[in-house]
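A short worksheet on the structure shown next.
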Amino acid sequence: MIIVIRPHSPPDKVEEVIREITQLGYNASPIRGEYQTVVAAIGDETTRASLESLTALPQVERVLRVQKRYKLASRESQPDGTVIDAGGVKIGGDNFVLMAGPCSVESEEQLLATARAVKAAGATILRGGAYKPRTSPYEFQGLGPEGLRLLETARAETGLRIITEVLGENDVDLVAATADILQIGARNAQNFQLLIACARSGKPVLLKRGMSMRIEEWLLAAEYLLAHGNPNVILCERGIRTFENYTRNTLDLSAVAVAKQETHLPVIVDPSQGCGRADLVKILCRGAAAVGADGLIVEVHPHPAEALSDGQQQLDPDAFRELVAGLRPFVSAAGRVL
Ligand code: PEP
Ligand code: MN
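Quick note: the sequence shown uses numbering that gives the first Met the number 0, first residue 0, plus one each step.
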């Protein structure tokens with residue numbers, strides 16, 4: 000940390016700051032300039048008290064952090080990218096993974112039709128919410144345990160691995176008993192007790208970016224999962240809330256590039272929640288591949304017009320097949336294998 004002292008502070012005030020820094024376990028090294036003094040506080044900031052509270056002293060102008068706040072997630076801690084094994088499907092490395100399926104699990108017929116179609120098109124992981132976080136309490140909330148059972152049926156028939164959302168701490172064991180990957184939704188991305196419970200489940204976790212989360216906050220949420228003993232963390236950019244309303248959210252592809260640079264974790268893009276429009280999903284998938292994403296999670300429904308949630312952004316099986324065919328050259332150009 001660097002502590003910037005206000006200009007014209009008398010020497011005893013600088014000494015007071017040095018004493019405080021030393022008391023908090025850092026080595027203080029003052030650098031006295033012509034007008035202003037700065038004090039370098041040397042020591043690992045992730046294992047010592049933060050010095051930010053020193054701004055409470057009137058002679059302290061600013062405190063600047065030198066180290067990143069996330070340690071386990073950072074590329075510095077692990078230069079090679081993490082490759083996650085989700086029930087035999089590898090995520091990360093050279094692999095480009097396709098996760099696809101309905102927004103919500105609605106019925107056996109709907110889920111199986113979708114599972115067969117997305118598998119035939121090249122997906123290896125089936126998505127589908129059994130527990131749905133809906134804005135209104137009057138909207139379809141998901142089939143719950145019955146939805147989990149249907150996901151198991153779809154896995155048994157197709158061999159697709161399963162990703163599904165866990166909404167609350169109390170559901171973690173139940174959902175983890177079915178899921179190959181636990182999905183933490185945008186609305187829960189900073190529900191730290193849920194993050195800890197998911198970390199302890201031992202299952203790979205896909206962490207959506209919260210709709211108003213800064214990248215640092217998203218990476219610190221991932222740090223919770225890592226710090227609580229789960230190394231199998233997948234980041235997912237799904238769009239953030241901005242002033243723009245031509246799209247449901249603003250898909251932040253720059254965040255994918257940043258997350259790939261800053262961390263060793265695989266990064267997946269969700270263009271469906273990202274733009275909220277079926278007509279844009281195909282083109283955004285290409286952008287995601289080009290920017291270095293490790294895969295996609297795409298909403299597909301046999302009859303989007305009849306969907307119980309997010310019908311406006313779901314692709315029908317034909318559109319998904321076309322999407323994958325058109326995506327392949329982009330994935331190859333990015334040096335990935337689909
Ligand atoms: C979803 O995947 O259907 C979903 C609700 O996602 P998010 O948490 O990103 O809104
Ligand atoms: Mn959805």
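The beta carbon of each residue, even a glycine, is placed where N, CA and C say it ideally should be. Keep in mind it's a predicted model, so treat the numbers as computed, not measured.
Asked	Found
From which residue to which residue does the beta strand (DSSP E) around Glu51 run?	Segment: none, Glu51 is in no beta strand (DSSP E) and carries neither H nor E.
Find the nearest neighbour of Glu105 within the set Pro303, Phe329, Thr241 and Tyr137, judged by alpha-carbon distance.	Pro303
Beta carbon of Ala185: closer than 6 Å to some heavy atom of the ligand PEP?	yes
CA-CA distance, Ile30 and Ser73?	30 Å
Determine the contact status of Val290 and Leu252, defining contact as a CB-CB distance below 7 Å.	yes
Considering just the uninterrupted stretch of the alpha helix (DSSP H) at Cys235, what are its terminal residues?	Per DSSP, Cys235 belongs to no alpha helix (DSSP H); it is in the beta strand (DSSP E), Val232 to Glu236.
Using a Cβ-Cβ distance cut-off of 7 Å, determine whether Cys274 contacts chain C.	Among the chains in the structure shown there is no chain C, since it carries only a single protein chain.
Taking C-alpha atoms, which residue in Ala188, Val38 and Val13 lies nearest to Tyr25?	Val38
Find the nearest neighbour of Gln312 within the set Arg276, Tyr34 and Val323, judged by alpha-carbon distance.	Arg276
Pull up the distance between the alpha-carbon of Gly209 and that of Asp317, whole angstroms please.	31 Å
Span of the alpha helix (DSSP H) holding Gln260?	Leu252 to Glu261
Is the stretch 77-84 close to the stretch 216-227, with three or more CB pairs under 8 Å?	no
Select from Tyr245, Ile2 and Glu19 the residue whose C-alpha is nearest the C-alpha of Asp278.	Tyr245
Should Tyr69 go down as buried or exposed, given a rule of 16 or more other Cβ atoms within 10 Å for buried?	buried
I'd like to confirm something about Cys102: is its beta-carbon nearer than 6 Å to some heavy atom of the ligand PEP, or not?	yes
Spatial neighbours of Thr123 within its chain, please: CB distance less than 6 Å, with the 5 preceding and 5 following residues excluded, ordered by chain position.	Val88
Could you give the residue range of the beta strand (DSSP E) that holds Gln192?	That residue, Gln192, is in no beta strand (DSSP E); its alpha helix (DSSP H) goes Phe191 to Ser200.
Judging by CA-CA distance, which residue of Leu56, His7, Thr46 and Tyr34 is the nearest neighbour of Arg18?	Leu56
According to the Cβ coordinates, are Glu107 and Leu149 closer than 7 Å?	yes
Mapping the DSSP letters down to three states, classify Arg133 as helix, strand or coil.	coil
Quick one: Cα of Glu33 to Cα of Leu71, how far?	39 Å
Any heavy atom of the ligand PEP closer than 6 Å to the CB of Arg237?	yes
Below 8 Å on the Cβ atoms is my guess for Leu322 versus Val280; work out the distance and round it to an integer in Å.	7 Å
Less than 6 Å between the CB of Asp309 and some heavy atom of the ligand MN, yes or no?	yes
What separation, rounded to the nearest whole angstrom, lies between the Cα atoms of Arg247 and Pro144?	29 Å
Is there contact here, the stretch 119-134 with the stretch 148-166, by at least three beta-carbon pairs under 8 Å?	yes
Following a CB-centred definition, is Gln397 positioned closer than 6 Å to any heavy atom of the ligand PEP?	One cannot answer for residue 397 here, as it falls past the ends of the chain, which runs 0 to 337.
Gln140 by DSSP, collapsed to three states: which one?	coil
Would you kindly report the start and end of the unbroken beta strand (DSSP E) that includes Pro29?	Asn26 to Arg31
I'd like to know whether the C-beta atoms of Phe329 and Ala288 end up nearer to each other than 7 Å.	yes
Counting only the same chain and skipping the five closest in sequence on each side, list residues whose C-beta sits under 8 Å from that of Ile267.	Ile90, Val96, Met98, Leu205, Ile233, Leu234, Cys235, Glu236, Ala292, Asp293, Gly294, Leu295 and Ile296
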